[in-house]
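**Q**
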Amino acid sequence: MQAFLEKLTPADAEFELARAIDPERLPAHIAIIMDGNGRWARRRHLPRVAGHEAGMQATRVTVETCARLGIKILTLYAFSTENWKRPRGEVETLWRLLRKYLRRELPEMLRHGVRLRVIGRLEALPEGVRRDVFEAVETSASNRGMLLNVALNYSGRAELVDAVTALLEEARAANRLAGLKVTEEAIAAHLYTAGLPDPDLLIRTSGEMRISNFLLWQIAYTELYLTETLWPDFWRRDRRFGGLSGGSGVRPSEECLATALSARTP
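Structure, rendered in structure tokens:
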């Protein structure tokens, strides 16, 4: 938390919001549905790829700031199983941007002690993407700072199916299928997030009032923070995003993670 405050000055819009955050009530685990890249680009009469590039910059600031705040786990919904239905060119762009992000940001992640983990049906990822992701996971495995948990080719329903399937396969292999008792603890132990605490706070950008098949089991008691702000505009700092928004006439949002944290209910 102190590291985050040291990055701000009284002139920053987030300064007073950050001071309003109770360090004792910081969530240990934050999950984010990063939505609105396409609409961000459309409002600026830009191609969708520009929105995804702007969203990638917002992701970079998110990871850095959460690490400085002392957040233990940050889970990002990066690519859902439903995203395969998008135009092929857009899907390929998303994978290209992910690989670009890993190459460019891995040194910074290592500097901040961030450890990368990925969840989802990873066997379906393109070979090059899978290779780069696993290399980044291995490179950061010894870090002891924030855990960055990235959901790729992820579906909450698929996660539950896979967990129950694993339970059944284990019982069948041990010849105890007839006496198998499925408990909440057993299912939790076979989720992609096994061993991690459930999210304390789920943030969704873009104004959608749904959770879009994300962490269906894990967010049963999670506090929700929904905002109409589009993902690339969620941050006050680094607003230009490589000049993409210049001259658009769209007023940027004043909202940031500090707003979500200071708004948490006691």
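Per the numbering used here, residue 156 is the first one in the sequence shown, and the count goes up by one each step.
The beta carbon of each residue, even a glycine, is placed where N, CA and C say it ideally should be.
#1: Could you give the DSSP three-state label for His207: helix, strand or coil?
#2: Pick helix, strand or coil for Ala344, following the three-state DSSP scheme.
#3: Around the C-beta of Ser310, are 16 or more other C-beta atoms found within 10 angstroms, so that it is buried, or is it exposed?
#4: Name the DSSP beta bridge partners of Thr230, please?
#5: Where does Tyr380 fall in DSSP's three states?
#6: Starting from Leu357, trace the beta strand (DSSP E) both ways and give me its first and last residue.
#7: Below 6 Å CB to CB, which residues in the same chain sit around Leu399 once its five sequence neighbours on both sides are set aside?
#8: Within 8 Å, do at least three Cβ pairs link the stretch 302–316 to the stretch 267–274?
#9: Going by the DSSP bridge assignment, what does Val246 pair with across the sheet?
#10: With 16 as the cutoff for other CB atoms within 10 Å, does His207 come out buried or exposed?
#11: Does the beta-carbon of Asp177 have 16 or more other beta-carbons within 10 angstroms, so that it is buried, or is it exposed?
#12: What is the DSSP secondary structure of Leu385, counted as helix, strand or coil?
#13: What are the start and end residues of the alpha helix (DSSP H) that includes Val319?
**A** Taking the definition as stated:
#1: helix
#2: coil
#3: buried
#4: Ala186, Asn304
#5: strand
#6: 356–359
#7: Residue placement at Leu399 is flagged as unreliable, the pLDDT there being 37, under the threshold of 50; a coordinate-derived value is accordingly withheld.
#8: yes
#9: Paired residue(s): none; Val246 is not in a bridge.
#10: buried
#11: exposed
#12: coil
#13: 311–328
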